[in-house]
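Novice: The sequence shown begins at 1 in full-length UniProt numbering and counts up by one. Beta carbons: idealized from backbone N, C-alpha and C, even for Gly. For clarity, every value in this text was computed on a predicted model and none was experimentally measured.
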Amino acid sequence: MLSRVAEIESTGSSAPREYRVEELAEAAGITTRTLRFYRERKLLPPPRKQGRIAWYGEEHLARLRMIAELLERGHTLGGISELIGAGESGRDVAELIGLQAAITEPWSDETPVHLSWADLARAFGDQLSDANTAESIAQGYITVQEDGITHISRRLMDATVSLVAEGVPLAAVLAASRRAQEYADAVAEVFTALIKDELLGALSCAADLPPGEAARLTEQIRRIRPLARTVADAQFALAMDRRVHTEYDALLSRHREQPRES
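#1: Could you tell me how far apart the beta carbons of isoleucine 221 and leucine 199 are, in whole angstroms, since I believe they sit closer than 8 Å?
#2: Tell me whether threonine 230 sits in a helix, a strand or coil according to DSSP, three-state version.
#3: Quick one: give me the first and last residue of the alpha helix (DSSP H) that threonine 32 is part of.
#4: Could you check what DSSP says for glutamine 145 in three-state terms: helix, strand or coil?
#5: Report all residues from its chain with a CB closer than 7 Å to the CB of glutamate 9; omit the five preceding and five following residues, and keep chain order.
#6: By the 10 Å Cβ neighbour count, where 16 or more other Cβ atoms means buried, how is threonine 143 classified, buried or exposed?
#7: So what's arginine 48 in DSSP terms, helix, strand or just coil?
#8: Are there 16 or more other CB atoms within 10 angstroms of the CB of leucine 238, so buried, or fewer, so exposed?
#9: So alanine 214 and leucine 96 are in contact, right, with Cβ under 8 Å, and what is the actual spacing, rounded?
#10: Just checking my contact of leucine 99 with leucine 194 at CB under 8 Å: how many whole Å lie between their CB atoms?
#11: In the structure shown, what three-state DSSP assignment does threonine 150 receive?
#12: What is the DSSP secondary structure of serine 116, reduced to helix, strand or coil?
#13: If you measure between the beta carbons of glutamate 110 and arginine 155, is that distance less than 8 Å?
#14: State the Cα-Cα distance for the pair leucine 120 and leucine 64, rounded to the nearest angstrom.
#15: Rounding to the nearest angstrom, what Cα-Cα distance links leucine 163 and threonine 133 in this structure?
Below you can see the structure in the form of structure tokens.
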């Protein structure tokens, strides 16, 4: 202990701080058991050994904070280990994290909305049946609580309420919603395959990327994301034009074919 004090004094107050296991765990806000688990998974570089004492430095604390941030973003320990391994092989971990974020960050900016059972009764009346509620749950749009429901999208909920107010049965709205969801999934699959096949290619792990490639792909994906929404929106508008004109022409044709009263 005296030799450790002498070492600190000899290097001056600006010397990098070092931590014992318990001190590092406390500084990082984790348990010593978790810290040792990270060491076993090789998520931390080896500590400096002095006799039987292991000393950890600021780089270990920074690594633990990075691991905590990645876990909070939804990364798995396996994925974090891969990122760290790629970083230690000469790649920029920040670039790799940025690429993963660009690939997986949410596309939607929908705001959930909570409605009480009284609100739902006013909006849907006797159409608020067990069958319609079960269908909404099955489509993944609502969760049910004791005091009402939470819908994942205020815009979709507002549209549903408005359609029912216009006289469209709730069951018909939900049936259309299910079909629209299936088509939306198919469109999403097209764009996902495009990015996977044409941009990411045969990439199977972060270690496959040469230095600088992660940053380039990140910027490319961020440029393409709004283009995908533009294409989907334009295709839907054009499809609506085609369908409306087709249906309107068919309606006129039927009207002309009807016999006129003399």
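Specialist: The relevant details are as follows:
#1: Taking the Cβ atoms as the reference, isoleucine 221 lies roughly 7 Å from leucine 199, within the contact range of under 8 Å.
#2: Threonine 230 falls in the helix class under three-state DSSP.
#3: Start and end: 32-40.
#4: Residue state for glutamine 145 is assigned as strand, using DSSP reduced to three classes.
#5: In this predicted model, glutamate 9 has a pLDDT of only 39, less than 50, meaning its place in the structure is not dependable enough to derive any value.
#6: It is exposed - the Cβ of threonine 143 has fewer than 16 other Cβ atoms within 10 Å.
#7: In the structure shown, arginine 48 sits in a strand (DSSP, three-state: E or B).
#8: When all chains shown are included, leucine 238 counts as exposed.
#9: Sure, about 5 Å apart at Cβ, within 8 Å.
#10: Contact flag wrong, Cβ pair sits at about 17 Å.
#11: Threonine 150: strand per DSSP, three-state reduction.
#12: Of the three classes helix, strand and coil, the one that applies to serine 116 here is strand, per DSSP.
#13: In this structure, arginine 155 lies closer than 8 Å to glutamate 110 by Cβ.
#14: C-alpha separation (whole angstroms): 47 Å.
#15: Approximately 17 Å, taken between the alpha carbons.
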